[in-house]
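Residue numbers (my numbering): 8 to 125.
Take a look at the structure set out below.
Structure representation (structure tokens):
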């Protein structure tokens with residue numbers, strides 16, 4: 008499989024998962040870029056964040072058309088996540104790859120356990 012086809016496939020699957028579940032940017036793109044394409048971890052995380060914007064905009068428009076977005080809730084969480092995103096982006100290159108992988112893995116495990124239990 009060519010790299011362009013791999014990239015398209017990763018993006019396509021991520022788009023479907025994001026539109027359906029509201030997740031997928033980091034949870035799918037980061038491991039795919041690192042383990043399938045050999046992209047360096049810091050670059051994979053930064054790329055995943057950049058890819059999330061167009062996916063989110065398109066999905067959000069569909070959600071708005073279907074009136075399934077709580078606007079006040081969205082605004083409040085967006086303010087906090089924007090501030091957190093600035094701080095996280097600042098620290099990304101300051102964290103070693105082994106520590107970054109551990110943090111990412113722990114967050115993925117916590118999220119999966121919480122989803123499994125509830």
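Glycine is no exception: its CB is placed at the ideal position from the N, C-alpha and C atoms.
Just so you know, these numbers come straight off a predicted model, no measurement behind them.
Put simply, of 48, 65 and 76 the residue whose alpha carbon is nearest the alpha carbon of residue 21 is 65. Between the alpha carbons of residue 119 and residue 76 lies a distance of about 24 Å.
Listed in chain order, the alpha helix (DSSP H) elements of length 4 or more contained wholly in the segment 57 to 109 are 78 to 99.
By the C-beta criterion, the segment 108 to 123 is judged not to be in contact with the segment 53 to 70, since fewer than 3 inter-stretch pairs fall below 8 Å.
With distances taken between CA atoms, residue 26 lies nearest to 61 out of 9, 52, 61 and 55. Counting only residues of its own chain and dropping the five nearest sequence neighbours on each side, residue 104 has a CB closer than 6 Å to the CB of 48.
With respect to residue 35, residue 51 sits apart: the two C-beta atoms are not nearer than 9 Å. For the options 44, 24 and 37, the alpha carbon positioned closest to that of residue 13 is the one of 44.
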